[in-house]
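Novice: Mapping of the sequence shown onto the numbering used here: position 112 corresponds to residue 177, and the numbering continues sequentially without gaps.
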Amino acid sequence: MMEAAKPAAGEHTKLVSVTLLTYHDGHEMADIGVIGDPADQVRRLADLAREAGLDGIVCSGQEVKAAHKAWKDGFFVVPGLRPAGAALGDQKRAVTPRQARDDGASVLVIGRPIAIWQSSFSPWDLDRSQCIQSMPAP
Numbered sequence: 066m067m068e069a070a071k072p073a074a075g076e077h078t079k080l081v082s083v084t085l086l087t088y089h090d091g092h093e094m095a096d097i098g099v100i101g102d103p104a105d106q107v108r109r110l111a112d113l114a115r116e117a118g119l120d121g122i123v124c125s126g127q128e129v130k131a132a133h134k135a136w137k138d139g140f141f142v143v144p145g146l147r148p149a150g151a152a153l154g155d156q157k158r159a160v161t162p163r164q165a166r167d168d169g170a171s172v173l174v175i176g177r178p179i180a181i182w183q184s185s186f187s188p189w190d191l192d193r194s195q196c197i198q199s200m201p202a203p
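1) What separation, rounded to the nearest whole angstrom, lies between the Cα atoms of L110 and V81?
2) If I'm right that T84 touches G145 with Cβ under 8 Å, what's the distance once you round it to whole angstroms?
3) Let's test the definition: count the other Cβ atoms within 10 Å of the Cβ of H77 and tell me whether it reaches 16, buried, or not, exposed.
4) Where does H133 land, buried or exposed, given buried means 16+ other C-beta within 10 angstroms?
5) Per DSSP, S82 is paired with what?
6) The alpha helix (DSSP H) with V107 in it runs from where to where?
7) Just how far apart, CA to CA, sit R108 and V123?
8) Can you round the beta-carbon distance between Q127 and R158 to whole angstroms, since I take them to be within the 8 Å contact cut?
9) Just the C-alpha distance for G139 and G101, rounded to the nearest angstrom, thanks.
10) I'd like to confirm the pairing. Which residues does DSSP put opposite V142 in its beta bridges?
11) Could you check how far apart the C-beta atoms of V129 and A170 are, in whole angstroms? I think they sit under 8 Å.
12) Whole angstroms is fine: what's the gap from P148's alpha carbon to P72's?
13) I need the straight-line Cα distance from L153 to M94, nearest angstrom please.
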């Protein structure tokens, strides 16, 4: 299925495969019958995506460094990010946006912290302090 998806996606479209949701940990994996830890599962699924000719994967910030090391030209979408000191909520494998970028993320997905910021926190604070400073120059 993944192999067929790439040619259908078009020349200028990045096609990525979701590995393991960021609110899953080893306990949830065991509950659905998947043996191993999250890092092993992400590694296996990243290998399948690369072998199928996809451009990259969606993975947590905890796995992006290893994924980037194994797949130098991969495209890595990292969701479930939280500002330093923020509540994790339902996220089990969250990192800061800065850590994700430093570890090799291609795209940062920062949803809830921006959608529900409190008066002491603005999305512009997150952008300046944790994202832009660690991004490479264009």
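Where is the CB? At the ideal position from N, CA and C, for every residue including glycine. Just so we're clear, the structure is a prediction, and the values are computed from it rather than from any experiment.
Specialist: Concretely, from the data shown:
1) 11 Å
2) With a Cβ gap of about 12 Å, T84 and G145 do not count as contacting.
3) exposed
4) buried
5) I122
6) 103-116
7) 12 Å
8) 4 Å
9) 24 Å
10) V123, V172
11) 5 Å
12) 37 Å
13) Taking the Cα positions, L153 is about 19 Å away from M94.
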